[in-house]
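Below you'll find the structure, written out as structure tokens, and then a few comments.
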Amino acid sequence: MKIVNISQQRANNLRKYDIKCLNTEAILYYFSMKKKWVKEDKIFKKFFVTNGKEFSNKMYTINSLIDYKDEINIDELVIPDCLVSINSTIVGYAMDLINGVNLSQIIYDSKIDIKEKIRILKQIGEVLEKMKNVRKYTSVNDFYIGDIHEENIMVTNDGDIKVIDLDSSKILNNQASPTRYLQSLKRKGIIFNQKYNIDEVNPDIITPNIQTDYYCYMILLLNTLYQGDITKLDMKDFYLYLEFLKSIGINNELLDNLNNIYTSKPNHNI
């Protein structure tokens, strides 16, 4: 377990990092660390709650990501570097600083061409394919992003994606965390065994798996086309919207996949 300890005085002088979106569990700061005498720019995620079962689960998740970073070996995933303590009390972790913008600033910007938005979204599918290979060919056979949404993805200045906030990911039998778009399945009463499963420990949570990661990926595409949160539509309006997409010539195979998200039919990597 790698821990970087800082003083309360240094912590008090850290500059806040503005992520331009709501974060209810932590506050982010610019942070620097030395690696072989070279200064590296990082982000320090300091949790508001630093005790109890949920925090212990976060620590287990973060340590698992750090321990298996070399096996995972996916450049697009911003895996934590180390835990951070203040006066020897662990309060969060450090990860790479990503120079770019939040994905939400891309997909909801009407001035950005839809082809560029689709190019960026396709990269998420490529990451999910890489994760599939990690589960197949390494010892990390239980690893899913889980909380895939536009504010957990950064787009670099070069137009490449970076997935952040992996402390909510599903890895190595940790406890599943609440996720933005999976909660919408609960609200709609969409639960199918072998596809969307209620967590055994917390009945308010759907356990992340390959089906839920594909579901969230398709929600991101739909949000991009709809220019809003598609999960807020009731079932009738959702299928009316798919009919609208069909009427304007959206690819039929893609529409078939989108039609399946609220059924027991398997989701696929679009």
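Position 1, counted from 1, in the sequence shown is what my numbering calls 23; the numbers after and before it change by one each time, with no gaps. Quick reminder that beta carbons are idealized off the backbone N, C-alpha and C, glycines included.
Would you mind sorting residue i into buried or exposed? The rule is 16 or more other CB atoms within 10 Å of its CB.
{"i": "F266", "result": "exposed"}
{"i": "F70", "result": "exposed"}
{"i": "Q30", "result": "exposed"}
{"i": "D169", "result": "buried"}
{"i": "N334", "result": "The question about residue 334 has no answer, for the chain in this structure spans 23 to 292."}
{"i": "N34", "result": "exposed"}
{"i": "Y159", "result": "exposed"}
{"i": "K14", "result": "Because the chain in this structure spans residues 23 to 292, residue 14 falls outside the shown range and cannot be described."}
{"i": "L257", "result": "For the record, residue 257 in the displayed sequence is Met; it is not Leu. Exposed, by the Cβ-count rule."}
{"i": "N85", "result": "buried"}
{"i": "D40", "result": "exposed"}
{"i": "P230", "result": "buried"}
{"i": "E151", "result": "exposed"}
{"i": "V185", "result": "buried"}
{"i": "T83", "result": "buried"}
{"i": "T253", "result": "buried"}
{"i": "N124", "result": "buried"}
{"i": "L262", "result": "exposed"}
{"i": "S191", "result": "buried"}
{"i": "D189", "result": "buried"}
{"i": "I213", "result": "exposed"}
{"i": "I270", "result": "exposed"}
{"i": "K80", "result": "buried"}
Starting from residue i, trace the alpha helix (DSSP H) both ways and give me its first and last residue.
{"i": "G250", "result": "Careful: G250 lies outside any alpha helix (DSSP H) and carries neither H nor E."}
Residue i: which of the options sits nearest, CA to CA?
{"i": "A116", "options": "Q127, N281, R157, A48", "result": "A48"}
{"i": "D118", "options": "P102, N124, D131", "result": "P102"}
{"i": "F66", "options": "W59, L255, V113, I142", "result": "V113"}
{"i": "L36", "options": "K24, I28, Y51", "result": "Y51"}
{"i": "L247", "options": "P225, K137, K80, T285", "result": "K137"}
{"i": "I94", "options": "M153, D221, D187, I28", "result": "M153"}
{"i": "S286", "options": "N215, L143, L204", "result": "N215"}
{"i": "D251", "options": "I220, E173, P200, T46", "result": "E173"}
{"i": "S132", "options": "E275, N291, Q249, N245", "result": "Q249"}
{"i": "P294", "options": "I142, I167, I241", "result": "No answer is possible for residue 294: it lies beyond the span of the chain, which begins at 23 and ends at 292."}
{"i": "N279", "options": "G211, L244, L255", "result": "L244"}
{"i": "P225", "options": "Q205, S191, I241", "result": "Q205"}
{"i": "I120", "options": "R32, D187, N273", "result": "D187"}
{"i": "L255", "options": "Y239, V223, Y203", "result": "Y203"}
On the DSSP letters alone, give me the boundaries of the beta strand (DSSP E) that residue i sits inside.
{"i": "V162", "result": "First-last for V162: undefined, no H or E at that position."}
{"i": "D118", "result": "111-118"}
{"i": "I25", "result": "25-28"}
{"i": "S107", "result": "104-108"}
Pop quiz: residue i and residue j are said to be a contact at Cβ under 8 angstroms. What is the actual Cβ separation, rounded to whole angstroms?
{"i": "N289", "j": "L264", "result": "Going by Cβ atoms, the distance from N289 to L264 rounds to 15 angstroms, so no, they are not a contact pair."}
{"i": "V60", "j": "I128", "result": "Not really, about 31 angstroms apart at Cβ, beyond 8 angstroms."}
{"i": "L87", "j": "I193", "result": "6 angstroms"}
{"i": "V162", "j": "V156", "result": "6 angstroms"}
{"i": "I232", "j": "L207", "result": "Their Cβ separation, rounded to whole angstroms, is 15 angstroms, which puts I232 and L207 out of contact at 8 angstroms."}
{"i": "K24", "j": "L99", "result": "The Cβ separation is near 18 angstroms, so there is no contact."}
{"i": "A198", "j": "D235", "result": "About 13 angstroms separates the two Cβ atoms, so there is no contact after all."}
{"i": "I283", "j": "Y237", "result": "5 angstroms"}
{"i": "L277", "j": "K268", "result": "6 angstroms"}
{"i": "Y239", "j": "G147", "result": "6 angstroms"}
Is the shortest distance between the beta-carbon of residue i and the beta-carbons of chain B less than 7 angstroms?
{"i": "M153", "result": "Protein chains in the displayed structure number just one, and chain B is not present."}
Where are the alpha helix (DSSP H) runs, 4 residues long or more, that stay fully inside the segment 171-248, in chain order? 204-210, 232-248
Restricting to runs no shorter than 3 residues, where is the beta strand (DSSP E) found entirely within the segment 30-101? 48-57, 60-69
Which runs of the alpha helix (DSSP H) fall wholly inside the segment 123-171 and span at least 4 residues, in chain order? 126-129, 136-159
Could you pull out every unbroken alpha helix (DSSP H) segment of at least 4 residues lying fully inside the segment 258-283, listed in chain order? 274-281
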